[in-house]
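Number of protein chains: 8
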Amino acid sequence: MQESQIRKIIKNVASRKMDAGEAMKELKFLPFEDLSFAKLDHHRALRKGFPEVVFCQNKTTKQVAAIVKKLAERNSQVLATRATEEMFNEARKHFKNAQYNEISKTMIINKNKKLKKGRIIVLSAGTSDMPVAEEAAVVAEAMGSHVERIYDVGVAGLHRLLSSKEKIDDANVLVVVAGMDGVLPSVVSGIFGKPIIAVPTSVGYGASFKGIAPLLTMLNSCSPGVVVVNIDNGFGAGYFASLVNK
Amino acid sequence: MQESQIRKIIKNVASRKMDAGEAMKELKFLPFEDLSFAKLDHHRALRKGFPEVVFCQNKTTKQVAAIVKKLAERNSQVLATRATEEMFNEARKHFKNAQYNEISKTMIINKNKKLKKGRIIVLSAGTSDMPVAEEAAVVAEAMGSHVERIYDVGVAGLHRLLSSKEKIDDANVLVVVAGMDGVLPSVVSGIFGKPIIAVPTSVGYGASFKGIAPLLTMLNSCSPGVVVVNIDNGFGAGYFASLVNK
Amino acid sequence: MQESQIRKIIKNVASRKMDAGEAMKELKFLPFEDLSFAKLDHHRALRKGFPEVVFCQNKTTKQVAAIVKKLAERNSQVLATRATEEMFNEARKHFKNAQYNEISKTMIINKNKKLKKGRIIVLSAGTSDMPVAEEAAVVAEAMGSHVERIYDVGVAGLHRLLSSKEKIDDANVLVVVAGMDGVLPSVVSGIFGKPIIAVPTSVGYGASFKGIAPLLTMLNSCSPGVVVVNIDNGFGAGYFASLVNK
Amino acid sequence: MQESQIRKIIKNVASRKMDAGEAMKELKFLPFEDLSFAKLDHHRALRKGFPEVVFCQNKTTKQVAAIVKKLAERNSQVLATRATEEMFNEARKHFKNAQYNEISKTMIINKNKKLKKGRIIVLSAGTSDMPVAEEAAVVAEAMGSHVERIYDVGVAGLHRLLSSKEKIDDANVLVVVAGMDGVLPSVVSGIFGKPIIAVPTSVGYGASFKGIAPLLTMLNSCSPGVVVVNIDNGFGAGYFASLVNK
Amino acid sequence: MQESQIRKIIKNVASRKMDAGEAMKELKFLPFEDLSFAKLDHHRALRKGFPEVVFCQNKTTKQVAAIVKKLAERNSQVLATRATEEMFNEARKHFKNAQYNEISKTMIINKNKKLKKGRIIVLSAGTSDMPVAEEAAVVAEAMGSHVERIYDVGVAGLHRLLSSKEKIDDANVLVVVAGMDGVLPSVVSGIFGKPIIAVPTSVGYGASFKGIAPLLTMLNSCSPGVVVVNIDNGFGAGYFASLVNK
Amino acid sequence: MQESQIRKIIKNVASRKMDAGEAMKELKFLPFEDLSFAKLDHHRALRKGFPEVVFCQNKTTKQVAAIVKKLAERNSQVLATRATEEMFNEARKHFKNAQYNEISKTMIINKNKKLKKGRIIVLSAGTSDMPVAEEAAVVAEAMGSHVERIYDVGVAGLHRLLSSKEKIDDANVLVVVAGMDGVLPSVVSGIFGKPIIAVPTSVGYGASFKGIAPLLTMLNSCSPGVVVVNIDNGFGAGYFASLVNK
Amino acid sequence: MQESQIRKIIKNVASRKMDAGEAMKELKFLPFEDLSFAKLDHHRALRKGFPEVVFCQNKTTKQVAAIVKKLAERNSQVLATRATEEMFNEARKHFKNAQYNEISKTMIINKNKKLKKGRIIVLSAGTSDMPVAEEAAVVAEAMGSHVERIYDVGVAGLHRLLSSKEKIDDANVLVVVAGMDGVLPSVVSGIFGKPIIAVPTSVGYGASFKGIAPLLTMLNSCSPGVVVVNIDNGFGAGYFASLVNK
Amino acid sequence: MQESQIRKIIKNVASRKMDAGEAMKELKFLPFEDLSFAKLDHHRALRKGFPEVVFCQNKTTKQVAAIVKKLAERNSQVLATRATEEMFNEARKHFKNAQYNEISKTMIINKNKKLKKGRIIVLSAGTSDMPVAEEAAVVAEAMGSHVERIYDVGVAGLHRLLSSKEKIDDANVLVVVAGMDGVLPSVVSGIFGKPIIAVPTSVGYGASFKGIAPLLTMLNSCSPGVVVVNIDNGFGAGYFASLVNK
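Chains A, B, C, D, E, F, G and H are the protein sequences, given in the same order.
Following the working numbering, the numbering of the first sequence begins with 1 at its first residue and continues without gaps.
Following the working numbering, the numbering of the second sequence begins with 1001 at its first residue and continues without gaps.
Following the working numbering, the numbering of the third sequence begins with 2001 at its first residue and continues without gaps.
Following the working numbering, the numbering of the fourth sequence begins with 3001 at its first residue and continues without gaps.
Following the working numbering, the numbering of the fifth sequence begins with 4001 at its first residue and continues without gaps.
Following the working numbering, the numbering of the sixth sequence begins with 5001 at its first residue and continues without gaps.
Following the working numbering, the numbering of the seventh sequence begins with 6001 at its first residue and continues without gaps.
Following the working numbering, the numbering of the eighth sequence begins with 7001 at its first residue and continues without gaps.
Structure follows, in structure tokens:
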């Protein structure tokens, strides 16, 4: 659209329907729209094969339904995070192939069936960290990454971590999810030299302060190669891991 | 420059030196520069008569000298905040008319002598808040605003505040600077119906936590018409007050 | 009442029913009531055309009903913020023309129909910030300002922001509402030179700490011309914007 | 008991059943019980006329009933704070004269009818601060103090505060209750020279952080003569005021 | 001055030089000055015998010298807190009788020699808390109170506290100063039924967070009768204690 | 499994099916599995007689039931903390001898009946701290320690503490539980020279900040011999006390 | 003294100079002094072989010299922590055998040469944590414990930790010192089943917030058997470890 | 060593000096040493071409010199961060080819001259953020990555950012460094779809709280693809970027 507008001005100048001064004036006011246009295009290219993602928290079932419908018209696959069961039920009315993951609270419509590539490993410290870990895993898969899960490998289960050594050695990037003391990413990073995306969770009580304790632990990791996302932000971790896994 | 580039392309098309396709291609890659250009232009217009401002904190005397010199080439007036005396001495070597305000730590080169307009009143709670209050006043003056100062009118000097009633009634906007408990903006707003820009200062001790206490007091003001800037940010308050005073 | 008291004393002196000493004595004890009286008067003048505003949060439906009733007797228009639907239903029993805005949770009685003046633009970063943005917009409109809304223009929708360039260039003041990272005010301020009232919202999760993250972002804005109000304080932003818009 | 033990030892020495060395040895190990005994006595004397107070929060209805019953056996008057209506209903089964204050959530059994002495004034900034203010007032009354209430005199109602000047001038001590920005104690202290017990409340939203903002404001009061108690601690303020009012 | 103005208006009415309407108009604009006038008077009465106090922190030696000189002209006694030795040396040039307390950093000019009344006891937990404790003691003495000091009676020295039982029983009010864990006020309040003004100090390290830990301990004291002032605010505690001691 | 793998390699070497070089190579890649194996063994030995403990918070009834069942197959005694009544009812279906403690929310299956050894004393400041204190006591008992309880001995009941002197003098280690101001551990440590495990609780309101206040008090204890666990972490205190009591 | 007073009363009764009633009365007022006396005695017994410890921080060289001298008169061994080199030089003037540890900033006079008993192991994560670790070690040794040091065994040096397995298995209690992310205690506790006293240090930068990050990590340790002391409190850890090691 | 031990056991089995059972037993107790050994090896492989890095902060010049010397014996290249000029001067005595970067405070010995690969772009918001940005750039280069720098492109210089569009489009990963409001990573991420490692700096004043404000902004970024490292942690960002860039 924008492009055709510019094209039209150029043509008009070329065909002398418009003089240089007028063309200049018109063009001077277009940059933003051009930018807008370019950005959209660029992004579409960039995100090819990536799902459009709806963050459902703080939205009504009605709002989510409307957004999902609109996105599904123009995208092969739509992913929604932090979706309630009610949102899923509403979505299923319009999309027979809608799928819901109860643990991660994610919903996918027109799930992409292309081969998953590379290898991301998602590790979690405890059973209670699973919703966040699953969100990361589902998002990365939806973005086309091959994902393996190694859950419940906290400090007390260090041996299980070590017994997965070979799997981990083959991964491109690790997502490590932990609440409470949040030490798992430091430990994993100390043993394996992989890039680690650490996700603090709000699991814990007392002085874990809803995720502040593991967040600080991870930010202060003595072992290099650890980066951090927001508390409970499985989505962000899965998304970044997929960017890196490509 | 940018403008001439566009003009040239248009002319080339008009004079058939370039065909529509080529022109299209050239123009597609310009938007950012256009934007850049537009923004600069727009800003220059917007800021007409406004000083370019250098924030000296965290910069070396050498860096400040270089920036001031460059700005002075293209601006009638240059304002620097949080400047040390050393920076001023360095600047004075090149600019005979450089002026330094010891209290506000501001430095002005080629001071604008146009008539000041409107009326901003800067109030401060205590003597120790003066550096911040002066910074606000000097910045607003440099931007062309007429400024009056009413200092040291904390709760204990409420009567002095009240005795300035008429002056205050004539102001367009008030800047109210206070540390410690930071109650002055609430009190001033309760008495006068003026828009107030509240500036918390780091003056105080113990539970004032370097300005957090007055910042919170001001953000929670029960009296409407109070907005807040960062702790010790006299510059931001003076700048905003001038935008509103126009 | 107070006024008539003073008048009576004056008259008594004029008519020699009271001598100067006695009058002096009487008047010496009046100042507070005078102040009270004056302040009310002064404020009434100041707020001409402005609604009396009831902050409903932490009040019972019964309390709100009583206050609204009392205010409606003496004011042409009454505005209530953070009102529940129950409060609205109670109010409608007495005021047929009561109106309720479900998104902003505002209620207006005897809505003023005068022409709106000036131009305030309220921008919001995300859909979830709408309740706060609407509160700002409704309050500013109730105070007689012409308001335009540009919602959902966060960083990911920067192009939509840019495509509203002309509208924004005509505004006197902008209210910019954002949760989570709260970067929108900085970005808007960097592009447009307008005075901006930034409103952090409690929208977000994890390390957004119910609005602390966007509050800090806004207070530290590197771009001058940004002032801040309390988290979720759409009312304060709309009120201040209207004071400035006049 | 303890007393009789000591008496016995003394008697044994007096009657030569025990020699000085043995008595010395026995007595050396008694101090704690003596202390315990003395302390109880001392406290009973100290608190004469003061109610035994039960803090009901975090206790079950059953626990409160048991404690109240036991206290009522040995005290003329029993006061319970933060009591639920359910607790009151339970208490009324055993104590016909039990009284309940719905606003302050206080319950009194065998209410003391002695003449109230001195004068404490309890001021509150807003309607929402009333539960805390009432708790202070009820506690002070139960401890025998004469209490007057001046509510809803925040910054916007400063004139009402001033119109109560004479009443306040006669008071021994003031309790000033405020949430949000918590400026009232500073303002009252600036006008009147009275000792002030400031009570921050959790009333507010956003950056009031459930009472932290007014707490800090009060702790940093620029006006001397202000002391502070815990957030929402009406009981502590009323109790201390009564100690001072005596 | 203000008074004479009112008097003049009244006289003019009485002498028919001015009619009732004009007088009314004039008087309507005076209240603030009246208030101002009244407040000054009232305060002067209130503070009779109390020292004017200069808070020297954040002021220059020059500023302090000027303020002290001005105050000394109109007051019998001038007290300065947080004064440096340099400030004292400057003051001594003009006031031969200036006295300096090295521990509390207080300076007194024209020290009042009237008999001290009542009894305030200042207790401190550790040797390092002495500067704050001394500030409280010196301020209270300057205000005419009889003060006794019991220092270094922390938990480890509980027996020394108990051995001062009789002294403490005779006091009207206690000032209890403590850093680190700040438990002393709770303990003292549990043993003695006296009103206690608790002063947290910034003495400590690590998780004492420059006085936050003892501040919170004191605000949460389980023992009623404890009120709190700002961290290191010996002045505020001594001032309030004197108000109560009267 | 791992063991059999190693055994197989050894056998192959012994039977000359594999030469030393190959065996070396194989074994070099096994250490982790060996570690895993060894660690399990070592831990089993270490914890002999100690219950396996299930932390039920953040787990579903179904998850807890599955874990408890699995543990009960291999352990003589299973302890679950923070269990709901629903979880207990589910567990009782499979384990007739399951016991539930309503106050501490602990559940034990196949309760160990061996003689308890040593002496741990659990003290609590208030009635509301009992759930946490009981959790500590039940855990320590399940681990084979003899435990005595002295509850409700806060500052106001200091004499009751002192009257338990002899009991306390015989203990190996004390667990001291307190919310609000959290002063009890400091006081107990000042009187008795015993090692103290201090447990802050979230009991309190306002500036106790859900346990932060007592946590800080305890961390800053002026009396040596005090260590601290997480807020409300009765389990951790009981566990550590048992390790020390052995 | 106190003892002789009691003795005198007893004698007077025995010799009939005083009757039982009078004696009773006298004794009733002694408990506090008795307590004081008893407590001293008790403590002396308790601390037999333990050093009297002087905390030098916030004290002057002069004050420390005086305290050390006084303690040395009555104790075989005196330990001072956080002592400066200046303090040591002052002490050495009077005590030839004074020893100073530059790393831990501890000073010992009349060092006890008795055989050290039991086994405490002090581990530290990094080189920078050594001052705190050494303080713990020196204090424990001064209290008669046998101490071994294993320093610089952070996550990156996990293998060094594991290679010290046998030493650690023989210890009674571990002191684990770490700054930054503070994960070492969790890791050590996951591998070894020993009671661990975790000491967070202020070593780190940025979001380690001078020790808050490791403090929170340690308080939230997922591995049971970990207790925590104040940031940088090597003394407290060494003291508690010695109590437990006995 | 360890390896030879295993080899010996295998040989003994092969030569029948030891039977399978004994060998099994021996090997079962080796895992830790094996692990230690393996880990070292693994790490050496992993880090091939990567510099050993010395974090100099909190270390003495002497300590740094010793560590650098030891590392230089076994590594081709040694990198030291947060090194002082004094440390560099000391190092230069032994290593003629030592290089020092005054801005980033980094020191390199035996600088690797291999071809840099891939493309990392390091962007910074302001001049004051340069030390942190340079640290990231230098570390990434030392690890073999090709790095480009785009500094001083904050919100006010958005156009400069846009004019670097093509460069940025070719990068594998971006490091974005910003203090104060920390909005740059969000903005960059909104325009370009690249993985971004955001580095908050302690540059700023007032409510930037030494980097907390930009840290929170970055953690809450509304634009996916942003991960965060500790405040001022240029090293961590450069290290992670290099892992990803490979």
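Glycine included, every Cβ here is placed at the ideal spot set by N, Cα and C.
For clarity, every value in this text was computed on a predicted model and none was experimentally measured.
- Look at the region 5181-5211 of chain F: the residues with a C-beta under 8 Å from a C-beta of chain E are Asp-5181, Gly-5182, Val-5183, Ser-5186, Val-5187, Ser-5189, Gly-5190, Ile-5191, Gly-5204, Gly-5206, Ala-5207, Ser-5208 and Phe-5209.
- With its beta carbon at least 8 Å from every one in chain A, Lys-1105 of chain B lies outside the interface.
- Residue contact with chain E for Asp-6232 of chain G: present (Cβ-Cβ distance below 8 Å to some residue of chain E).
- Taken atom to atom, the span from the alpha-carbon of Asp-2129 of chain C to that of Val-2177 of chain C is near 7 Å.
- For Gly-5206 of chain F, the secondary structure class from DSSP, reduced to helix, strand or coil, is helix.
- Using beta-carbon distances, Leu-5216 of chain F does not count as an interface residue toward chain A, since no partner is under 8 Å.
- Counting C-beta pairs closer than 8 Å gives three or more between the region 7123-7140 of chain H and the region 7195-7204 of chain H, which meets the contact rule.
- Ranking F:Ala-5091, F:Asn-5172 and F:Leu-5216 by CA distance to the CA of Ala-5140 of chain F puts F:Asn-5172 first.
- The alpha-carbon of Ile-1108 of chain B is positioned some 59 Å away from that of Ser-3104 of chain D.
- In this structure, the straight-line span from the alpha carbon of Phe-5088 of chain F to that of Ala-5137 of chain F is close to 19 Å.
- For Gly-4225 of chain E, the neighbours in chain D by C-beta distance under 9 Å run, in chain order, Gly-3236, Tyr-3239, Phe-3240 and Leu-3243.
- In the three-state reduction of the DSSP assignment, Met-3107 of chain D falls in the strand class.
- Excluding residues up to 5 positions away in sequence, Phe-1088 and Met-1107 lie with their Cβ nearer than 6 Å to the Cβ of Tyr-1100 of chain B in the same chain.
- The closest CA to that of Ser-2186 of chain C, considering only C:Ile-2009, C:Met-2180, C:Val-2226 and C:Val-2147, is found on C:Val-2226.
- A contact is defined here as three or more CB-CB pairs under 8 Å, and the region 5144-5151 of chain F fails this definition with respect to the region 5091-5098 of chain F.
- Between Asn-230 of chain A and Ala-2207 of chain C, the C-beta spacing is below 8 Å.
- For the region 4050-4075 of chain E, the continuous alpha helix (DSSP H) assignments of 4+ residues that do not extend past its boundaries occur at 4061-4074, in sequence order.
- If you check each beta-carbon in the region 6056-6080 of chain G against every beta-carbon of chain E, the ones closer than 8 Å belong to Gln-6057, Asn-6058, Lys-6059 and Gln-6063.
- At a cut-off of 8 Å between beta carbons, Leu-3219 of chain D contacts chain B.
- The C-beta separation of Tyr-7151 of chain H from Ser-7189 of chain H comes to about 18 Å, leaving the pair out of contact by the 8 Å criterion.
- For the region 116-135 of chain A, the residues whose beta carbon sits under 7 Å from a beta carbon of chain F are, in order, Thr-127 and Ser-128.
- Only residues of its own chain outside the window of five on either side were considered, and among them Met-3018 have a CB closer than 6 Å to the CB of Asn-3012 of chain D, listed in chain order.
- For the C-beta of Val-4228 of chain E, the chain D residues within less than 9 Å are, from N- to C-terminus, Leu-3219, Val-3227, Val-3228, Val-3229 and Asn-3230.
- DSSP lists F:Met-5107 as the bridge partner or partners of Tyr-5100 of chain F.
- Taking a Cβ-Cβ threshold of 7 Å, the residues of chain G close to Gly-154 of chain A are Cys-6222, in chain order.
- The C-beta separation of Thr-2217 of chain C from Val-2183 of chain C comes to about 6 Å, placing the pair in contact by the 8 Å criterion.
- Within the same chain, and ignoring the five residues on either side of Thr-2127 of chain C in sequence, the residues whose Cβ sits closer than 7 Å to its Cβ are Asp-2152.
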